[in-house]
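A.B. asks: Before we start, here is the structure in question, set down as structure tokens.
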Amino acid sequence: MAYLTEKINGIFSPFVLLKNLFRKPVTLQFPYDSLPPVAGYRGRHILDLDKCRGCFVCSMICPNKAITPVEFRGRKYPQVDLGKCCFCQLCEEYCAGAAIRLTQQAIMVTMDKESAILGPEALSQAPTF
Amino acid sequence: MSFLTIPFGPQHPAAGHFHALIKVDGETVLGLDPYPGYLHRGFEKLMEYRVHTQNCMLLDRICILDPLSNEAGYVNAVEEIGRLEVPVRAKYIRTIMLELGRILSHISWIGEMGMALGFDSACRIAWGDRERIIRLNEIISGGRIYPVLFCVGGVRRDISPEFVDKSYEALDYLERQLEFYDSFFFKNETFIMRTKGVGKLGASEAVDLGVTGPNLRACGVDYDIRQDEPYEAYPEVNFKVVTREEGDAYARCLCRRGEIAESISIVRQLLKDVPGGPHRVQLDPMYKTPEGESHFCVEAARGELCFHVVSDGSPIPYRVKVRGPSFSHSLVAFPYLAEGSTIADIPVIYWSLAPCPADMDR
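So the protein lines, in turn, are chains Z and G.
Under the working numbering, read the first sequence as residues 234 to 362, first letter to last.
Under the working numbering, read the second sequence as residues 3 to 364, first letter to last.
This is how it looks when you write it as structure tokens:
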């Protein structure tokens with residue numbers, strides 16, 4: 234008898250899933266609705282031009298060689314290729330002047346590779362969410 | 003003798019990125035030839051061109067579904083060469099994250115197994131629940147799939163009170179969900195019929211084939227590195243190694259289900275008494291390890307994961323060898339079990355072994 238009950242319960246057990254019809258969906262309707270990123274999210278970079286000392290430790294430690302020095306306003310500043318960046322935050326971690334930081338901007342969509350390369354001027358502007 | 007050859011993967015929902023050619027005679031599988039390499043990225047060679055600090059960023063990519071175990075294996079091997087003393091707080095944080103990673107991997111596997119059985123609801127529900135752990139990864143490290151949290155000398159970020167609260171919340175939720183999984187998945191008659199007696203593996207066979215992790219424990223072998231050679235904060239926690247005797251696909255599934263419950267209990271124990279103090283030893287980005295080599299094994303979610311690191315005294319490792327769990331599961335055990343089974347059992351056997359093609363190819 235116990236065997237039969239177990240079998241019957243086993244056959245009808247998937248029907249508990251019908252409860253899901255009355256639950257709120259777990260997914261969000263992107264792009265109209267999205268999950269806000271947390272405070273320490275590793276997104277697009279921001280560069281403080283006044284704090285940058287031009288030491289290029291960021292460029293040296295970058296695992297993907299995404300940061301390169303470029304000429305801007307008479308001296309060298311970092312340029313970030315977001316196509317190569319793996320958002321590991323090592324540049325921020327080892328920046329002596331706390332000039333380069335990662336922001337919460339998670340969505341970086343572009344149709345061409347060139348616009349994924351951010352020069353010092355673009356990097357110094359606050360991200361648009 | 004005439005037979006038909008059917009390709010399985012590498013772009014197939016039930017194969018991940020694993021590729022094999024199956025020889026069949028009617029419904030019976032005569033043999034299975036695996037063809038690895040579709041996801042080969044050359045990690046071992048890449049690591050020979052980067053310093054230890056940079057290598058920690060690469061390691062997560064080895065196994066996408068269980069990234070933190072790879073980090074733990076490598077950083078522990080490097081710390082062993084450098085004879086570095088890691089702060090106790092860092093060890094606790096690492097263990098918490100490793101266990102959350104195990105839950106993450108096993109919950110993803112429930113989805114994969116559901117998909118292999120043609121039970122898509124299980125896949126959707128499990129991958130929805132996976133988001134809870136991914137959110138915890140995001141809170142502690144800022145990265146969702148690739149946390150890159152561990153570094154040589156500790157962990158890169160400390161745990162916050164928000165993380166602790168959210169962890170308890172997620173663990174309570176997952177504990178409730180486990181009962182829900184039982185009701186519609188693990189006790190489902192279709193699931194039992196599809197998995198019981200399928201892909202049966204004996205204990206001595208499993209050892210010979212290099213099977214490790216939950217797959218080995220499902221054959222009745224009580225072997226778990228967390229218990230036999232404890233690392234990080236595992237000596238401080240009480241847990242039961244989940245074993246089964248049957249050795250079939252059903253036993254492997256139930257072993258993983260039991261491990262989720264055990265992991266929840268381990269994380270709760272550790273969260274209760276995380277010691278104070280620093281969370282890392284600040285090292286130079288060009289940290290040099292002395293000349294030497296070390297071999298470190300961790301119990302990853304999918305099996306035994308070992309890192310053999312050889313250092314020549316420079317900040318760049320001379321050689322890194324990775325022994326991933328999925329290599330022997332998918333290339334050795336899977337063809338062995340597939341022979342003589344039926345076509346319909348192939349996805350069931352494959353996903354009950356839970357290999358990760360990314361880890362297999364590296």
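Where is the CB? At the ideal position from N, CA and C, for every residue including glycine.
Which same chain residues end up closer than 8 Å to Phe133(G) when comparing Cβ atoms and leaving out the 5 residues on each side of it in sequence?
C.D. replies: To locate residue 133(G), count along the second sequence from 1; it is residue 131. Inspection of the sequence shows that residue 133(G) is occupied by Glu rather than by Phe. Around Glu133(G): no qualifying Cβ.
A.B. asks: Please determine, among Val77(G), Ile66(G) and Pro317(G), the residue with the shortest C-alpha to C-alpha distance to Phe152(G).
C.D. replies: Start at 1 with the first residue of the second sequence, and residue 152(G) comes out as number 150. Comparing Cα-Cα distances from Phe152(G) to each of Val77(G), Ile66(G) and Pro317(G), the minimum goes to Val77(G).
A.B. asks: Assign Ile127(G) to buried or exposed, taking buried as 16 or more other Cβ atoms, counted over all protein chains shown, within 10 Å of its Cβ.
C.D. replies: Against the second sequence, residue 127(G) aligns to sequence position 125. Burial call: buried.
A.B. asks: Residues of chain G with CB under 9 Å from Gly330(Z), in chain order?
C.D. replies: For this step, residue 330(Z) is matched to residue 97 along the first sequence. Residues of chain G passing the Cβ test: none, with the nearest at roughly 15 Å.
A.B. asks: Given Cys295(Z), which residues of its chain have a CB within under 7 Å of its CB, disregarding the five upstream and five downstream residues?
C.D. replies: For the purposes of this step, residue 295(Z) is taken as the residue at position 62 of the first sequence. Residues of the same chain with a CB within less than 7 Å of the CB of Cys295(Z), apart from the 5 flanking positions on each side, are Leu323 and Cys324 in chain order.
A.B. asks: Output yes if chain G places a C-beta closer than 8 Å to the C-beta of Gln262(Z); else output no.
C.D. replies: Taking the first residue of the first sequence as 1, we reach residue 262(Z) at position 29. Chain G contact via Cβ: absent.
A.B. asks: Mark Lys93(G) as exposed unless 16 or more other C-beta atoms lie within 10 angstroms of its C-beta, in which case mark it buried.
C.D. replies: The residue given as residue 93(G) occupies position 91 in the second sequence. Classification of Lys93(G): buried, given that the 10 Å Cβ count is 16 or more.
A.B. asks: What are the residues of the stretch 313 to 330 of chain Z that lie near chain G, defined by any Cβ-Cβ distance shorter than 9 Å?
C.D. replies: Those would be Cys319, Phe320, Cys321, Gln322, Leu323, Glu326 and Tyr327, in chain order.
A.B. asks: For Ser316(G) and His297(G), I'd like the C-alpha separation in whole angstroms.
C.D. replies: If you number the second sequence from 1, residue 316(G) lands on position 314. If you number the second sequence from 1, residue 297(G) lands on position 295. Answer to the nearest angstrom: the Cα atoms are 18 Å apart.
A.B. asks: Going by DSSP, name the residue or residues bridged to Phe309(G).
C.D. replies: Taking the second sequence and counting its residues from 1, one reaches residue 309(G) at position 307. In the DSSP output, where bridge partners are listed per residue, Phe309(G) has Phe298(G) and Val324(G).
A.B. asks: Counting only the same chain and skipping the five closest in sequence on each side, list residues whose C-beta sits under 7 Å from that of Ala263(G).
C.D. replies: The sequence position of residue 263(G) within the second sequence is 261, counting from 1. Result list for Ala263(G): Leu180, in chain order.
A.B. asks: Please classify Val322(G) as buried or exposed, where buried requires at least 16 neighbouring CB atoms within 10 angstroms.
C.D. replies: What you label residue 322(G) is simply residue 320 of the second sequence in a count that begins at 1. Looking at its Cβ environment, which holds 16 or more other Cβ atoms inside 10 Å, Val322(G) is buried.
A.B. asks: For the beta strand (DSSP E) containing Arg334(Z), list its first residue and its last residue.
C.D. replies: As a position in the first sequence, residue 334(Z) is number 101, starting the count at 1. From DSSP, the beta strand (DSSP E) with Arg334(Z) extends over Ile333 to Leu335.
A.B. asks: Taking the alpha-carbon of Pro360(Z) as reference, which of Leu351(Z), Lys240(Z) and Ile279(Z) has the nearest alpha-carbon?
C.D. replies: Here residue 360(Z) corresponds to residue number 127 of the first sequence, with the count starting at 1. Checking every option, the nearest Cα to that of Pro360(Z) belongs to Ile279(Z).
A.B. asks: Quick one: list the residues of chain Z neighbouring Ser185(G), beta-carbon separation under 7 Å, in chain order.
C.D. replies: For the purposes of this step, residue 185(G) is taken as residue 183 along the second sequence, with counting starting at 1. Residues of chain Z passing the Cβ test: Ser246 and Val249.
A.B. asks: Using a Cβ-Cβ distance cut-off of 8 Å, determine whether Leu60(G) contacts chain Z.
C.D. replies: Here residue 60(G) corresponds to residue number 58 of the second sequence, with the count starting at 1. So yes, Leu60(G) belongs to the interface.
A.B. asks: Pull up the distance between the alpha-carbon of Arg256(Z) and that of Leu250(Z), whole angstroms please.
C.D. replies: Taking the first residue of the first sequence as position 1, residue 256(Z) is located at position 23. Taking the first residue of the first sequence as position 1, residue 250(Z) is located at position 17. C-alpha separation (whole angstroms): 10 Å.
A.B. asks: Three or more C-beta pairs under 8 Å: does that hold for the stretch 346 to 357 of chain Z against the stretch 8 to 18 of chain G?
C.D. replies: no
A.B. asks: Going along chain G, which residues have a C-beta under 7 Å from Arg275(Z)?
C.D. replies: Position 42 of the first sequence, counting from 1, holds the residue named residue 275(Z). Chain G residues near Arg275(Z): Gly144 and Gly145.
A.B. asks: Are the CB atoms of Ala339(Z) and Pro264(Z) nearer to each other than 8 Å?
C.D. replies: Here residue 339(Z) is taken as the residue at index 106 of the first sequence, counted from 1. Here residue 264(Z) is taken as the residue at index 31 of the first sequence, counted from 1. No, Cβ-Cβ distance for Ala339(Z) and Pro264(Z) is not below 8 Å.
A.B. asks: Between the stretch 96 to 127 of chain G and chain Z, which residues of the former have a C-beta closer than 7 Å to a C-beta of the latter?
C.D. replies: Ser123
A.B. asks: Smallest Cα separation from Gly273(Z): which of Ile64(G), Phe165(G), Ala74(G) and Asn57(G)?
C.D. replies: Looking up residue 273(Z) in the first sequence gives position 40. When only C-alpha atoms are compared, the closest one is Phe165(G).
A.B. asks: Return helix, strand or coil for Pro302(Z), following the three-state DSSP convention.
C.D. replies: Start at 1 with the first residue of the first sequence, and residue 302(Z) comes out as number 69. Pro302(Z): strand per DSSP, three-state reduction.
A.B. asks: What residue range is occupied by the uninterrupted alpha helix (DSSP H) comprising Gly204(G)?
C.D. replies: In the second sequence, counting from the first residue as 1, residue 204(G) sits at position 202. It is not in any alpha helix (DSSP H) - Gly204(G) carries neither H nor E in the DSSP assignment.
A.B. asks: So is Asn242(Z) buried or exposed if we call it buried at 16+ other beta carbons inside 10 Å?
C.D. replies: Here residue 242(Z) corresponds to residue number 9 of the first sequence, with the count starting at 1. By the neighbour-count rule (16 or more Cβ atoms within 10 Å), Asn242(Z) is not buried but exposed.
A.B. asks: With DSSP as the reference, label Lys25(G) as helix, strand or coil.
C.D. replies: Indexing the second sequence from 1 puts residue 25(G) at position 23. In this structure, Lys25(G) counts as strand in the three-state DSSP scheme.
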